[in-house]
Amino acid sequence: MLASVVLPVQAQEAERYEVQGSEVTVILHGFLTEEETDTLRIIGQSPDALALFLPEGGQFGALAVAPDEGFIRDGIPVDSAMAMGNLPDLDQARNAALEGCDEARASGDPCEIVLEIAPR
56 MLASVVLPVQ AQEAERYEVQ GSEVTVILHG FLTEEETDTL RIIGQSPDAL
106 ALFLPEGGQF GALAVAPDEG FIRDGIPVDS AMAMGNLPDL DQARNAALEG
156 CDEARASGDP CEIVLEIAPR
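All residue numbers for the sequence shown refer to this note's numbering, where the first residue is 56 and numbers rise by one.
What follows is the structure, given as structure tokens:
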């Protein structure tokens with residue numbers, strides 16, 4: 056199932072998917088390439104991809120990306136893209152992903168959340 060929403064705080068379009076007891080939100084930032092957006096949509100719809108984030112299921116996860124570095128370059132995830140999963144709440148997942156991404160990015164603007172996972 057797909058639902059489009061606008062997030063008022065970030066003013067970014069988002070797509071929501073329901074996969075195996077989880078709600079996956081893909082946040083469509085303008086800095087994402089078509090390849091990156093397509094990859095995030097696949098993650099949002101694939102039980103196998105979701106299992107990479109949350110192997111045990113039922114927890115929260117997030118993916119943060121540095122806008123100047125992106126998520127995927129030449130078909131390979133960049134080092135600064137940071138996914139965190141199996142955390143007890145969404146705030147902890149977001150904060151952990153942002154902190155890891157900001158520490159790993161070379162320079163430029165602070166990292167942004169591009170994917171969130173929450174139990175339904």
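No residue lacks a Cβ here, since even glycine has one placed at the ideal position from N, Cα and C.
C-beta contact flag for residue i and residue j at 8 Å
i: V120; j: A104; result: no
i: N141; j: L107; result: no
i: A148; j: G116; result: yes
i: A173; j: S77; result: yes
When the options are compared against residue i, the one with the closest alpha-carbon
i: G85; options: F126, Y72, A117; result: F126
i: L170; options: D123, N150, I131, G130; result: N150
i: E124; options: V133, A117, L118, E78; result: V133
i: R160; options: P122, P174, A173; result: P122
i: R128; options: T94, E70, I168; result: T94
i: C156; options: I131, R175, G130, L118; result: L118
Nearest-angstrom beta carbon gap, residue j and residue i [assumed within contact, 8 Å]
i: C166; j: L153; result: 5 Å
C-alpha distance - residue i paired with residue j, whole-angstrom precision
i: V61; j: T80; result: Caution applies to V61, whose pLDDT of 40 falls short of 50 and renders its modelled position unreliable; the model cannot decide the point.
i: E111; j: E68; result: 29 Å
i: E89; j: P143; result: 31 Å
i: Y72; j: L83; result: 13 Å
i: I98; j: T92; result: 10 Å
i: E158; j: V74; result: 31 Å
i: Q100; j: G163; result: 31 Å
i: P102; j: R96; result: 12 Å
i: I168; j: E70; result: 13 Å
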